[in-house]
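Below: one structure, written as structure tokens.
Structure representation (structure tokens):
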């Protein structure tokens with residue numbers, strides 16, 4: 005770990021950040037508002053039992069295969085899926101190597117579901133596309149990886165190479181945009197298609213999308229009401245699988261995007277580059293996020309260092325100007341979560357880590373059972389880790405970070421959970437679960 009002598013994080017900034025993660029009845033996009041991955045303020049269950057139904061509010065069957073996370077706004081939960089005949093191939097852990105799924109000739113139905121958040125009943129479903137996929141996928145991926153996003157009035161979903169569609173809250177289509185073939189894969193091998201993963205982000209009447217492919221990658225903003233493109237930032241770099249993040253501060257708002265060669269901050273109104281940091285790595289997947297006044301960047305094949313960039317950075321950021329750089333061994337696929345003055349993450353191989361977000365110093369490290377693709381989420385003093393083995397592990401967010409419980413959901417959990425209004429939404433296999441502390445007659 006290296007700490008910059010010219011940049012030390014302020015305790016007051018961390019306190020302000022913690023205060024901003026109060027619980028709400030919405031989780032509008034991947035990892036919730038501003039990609040924080042935190043919902044505090046309501047009790048959350050330490051354990052539940054899928055078999056007996058204890059602390060289980062409902063389970064809904066969602067056909068098809070998708071690694072997309074659920075989102076929640078008020079009394080609605082939304083999920084996307086890709087449905088085809090038979091079971092979709094899924095190889096867990098590292099067993100799949102760089103292999104591709106053999107389903108390019110199959111016919112799929114790409115759908116958006118709206119469910120009653122209280123009961124799990126399907127309110128409406130819409131088929132956005134039908135036909136053969138325009139690009140392939142990795143055997144550990146799916147044909148519907150991107151998480152939708154909503155502002156309560158409009159729901160936007162990216163169905164990979166099939167395109168992006170906006171619906172109103174009643175399921176009426178508002179517009180659709182063809183983003184072209186999204187074929188990111190092994191760098192330098194144009195026949196390698198691992199599947200699109202980046203999710204849309206909504207802010208200030210705009211939709212921000214990150215399009216990665218073997219050539220011609222870009223970031224763009226679209227008008228939320230009409231689908232009209234407002235600006236486009238070209239970046240012909242190695243493909244990545246990360247979702248952008250909005251960071252709003254008193255002096256400026258920026259769109260943080262990860263690239264194969266450079267990570268950047270862009271002006272969300274114009275697409276103008278505010279800063280860039282060279283991080284030339286392959287297979288970058290974690291979403292950038294902000295802890296206090298630091299932008300945390302992670303990812304790279306097999307898991308590299310974490311980097312902390314000052315949120316007020318300008319121009320080319322040199323490594324010497326970073327707030328800190330952690331030791332190697334960061335997450336490969338999942339995104340860390342900043343919670344209660346700690347930075348939590350789990351490596352794909354099950355190594356659970358706790359860092360000090362002020363310095364990047366390691367505070368705790370242990371091996372957990374299982375392998376992990378989903379990102380951790382946190383709330384009510386607990387950290388939730390959904391595993392590929394179908395087991396959700398609940399850990400204390402306070403030292404010594406003990407494992408409080410482990411719940412077997414009976415199917416692989418590839419999607420990052422969502423939390424809203426004291427309820428945790430888990431997508432494992434074809435099941436969408438809502439779990440919460442049991443409530444009284446008026447709860």
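In the working numbering, the protein residues as written are 5 to 447.
C-beta atoms are modelled at their ideal positions from N, C-alpha and C, and glycine is treated no differently.
My output table needs one value for residue 65: the three-state DSSP class, helix, strand or coil.
Strand.
Output the distance between the C-alpha atoms of residue 84 and residue 160, rounded to the nearest integer angstrom.
Residue 84 and residue 160: Cα-Cα distance of roughly 10 angstroms.
Cβ atoms of residue 75 and residue 31: under 9 angstroms apart, would you say?
Yes. Within cutoff.
Please classify residue 403 as buried or exposed, where buried requires at least 16 neighbouring CB atoms within 10 angstroms.
With fewer than 16 Cβ atoms within 10 Å of its Cβ, residue 403 is classed as exposed.
Near residue 66, which residues of its chain fall below 8 angstroms by C-beta distance, leaving aside the five closest residues on each side in sequence?
The answer, listed in chain order, is 83, 85, 117, 431, 434, 435 and 436.
Kindly indicate the opening and closing residues of the beta strand (DSSP E) around residue 131.
Where residue 131 is concerned, the enclosing beta strand (DSSP E) stretches over 126–135.
According to DSSP, is residue 386 part of a helix, a strand, or is it coil?
If DSSP states are grouped into helix, strand and coil, residue 386 belongs with the strands.
Note down the Cα distance separating residue 428 from residue 41, rounded to an integer number of angstroms.
Distance between the alpha carbons of residue 428 and residue 41 is about 12 angstroms.
Between which two residues does the beta strand (DSSP E) harbouring residue 432 extend?
That run of the beta strand (DSSP E) goes 427–432.
Which value, in whole angstroms, describes the spacing of the CA atoms of residue 123 and residue 309?
Each residue's alpha carbon lies about 42 angstroms from the other.
Using DSSP with H/G/I as helix, E/B as strand and the rest coil, what is residue 286?
In the structure shown, residue 286 sits in coil (DSSP, three-state: anything other than H, G, I, E or B).
For residue 283, does the count of other Cβ atoms within 10 angstroms reach 16, so buried, or fall short, so exposed?
So residue 283 counts as buried.
Rounded to whole angstroms, what is the Cα-Cα separation between residue 162 and residue 205?
Roughly 11 angstroms between the two C-alpha positions.
Applying the 10 Å Cβ sphere with the 16-neighbour rule, what's the burial state of residue 149?
It is buried - the Cβ of residue 149 has at least 16 other Cβ atoms within 10 Å.
Please say whether residue 96 and residue 365 have beta carbons closer to each other than 9 angstroms?
No, Cβ-Cβ distance for residue 365 and residue 96 is not below 9 angstroms.
So what does DSSP say about residue 118, is it helix, strand or coil?
Residue 118: strand per DSSP, three-state reduction.
Taking only beta-carbon atoms, is residue 422 less than 9 angstroms away from chain B?
Going by chain labels, chain B is absent from the structure shown, which holds only one protein chain.
Strictly by DSSP, which residues pair up with residue 156?
DSSP, once it has assigned bridges, lists no residue as partnering residue 156.
Kindly list the residues whose CB is nearer than 6 angstroms to the CB of residue 355, restricted to its own chain and excluding five residues on each side of it in sequence; keep chain order.
Closer than 6 angstroms at the Cβ level, and outside the excluded window around residue 355, lie 371.
Using a 10 Å radius around the Cβ and a threshold of 16 neighbouring Cβ atoms, would you call residue 274 buried or exposed?
It is exposed - the Cβ of residue 274 has fewer than 16 other Cβ atoms within 10 Å.
If you check the beta carbons only, do residue 167 and residue 133 fall under 9 angstroms apart?
Their beta carbons are under 9 angstroms apart, which means residue 167 touches residue 133 by this criterion.
Secondary structure at residue 165, three-state DSSP: helix, strand or coil?
Reduced to three states, the DSSP call for residue 165 is helix.
On the CB-based measure, 16 or more other CB atoms within 10 Å of its CB, does residue 384 come out buried or exposed?
Under this definition residue 384 is a buried residue.
So, for residue 23: in the same chain, excluding its five sequence neighbours on each side, which residues have a beta-carbon less than 6 angstroms away from its beta-carbon?
Caution applies to residue 23, whose pLDDT of 39 falls short of 50 and renders its modelled position unreliable; the value that the coordinates give is listed next. For residue 23, where only same-chain residues beyond five positions count, there are no Cβ hits under 6 angstroms.
Checking 9 angstroms against the spacing of the C-beta atoms, do residue 187 and residue 142 come in under that value?
Their beta carbons are not under 9 angstroms apart, which means residue 187 does not touch residue 142 by this criterion.
Please list the segments of the beta strand (DSSP E) lying wholly inside the region 325–399, counting only runs of 3 or more residues, in order along the chain.
Within the region 325–399, the complete beta strand (DSSP E) runs of at least 3 residues are 341–343, 346–350, 355–359, 366–371, 381–383 and 386–390.
Alpha carbons only, please: which of 179, 329, 382 and 154 is nearest the one belonging to residue 173?
Nearest option by C-alpha distance: 154.
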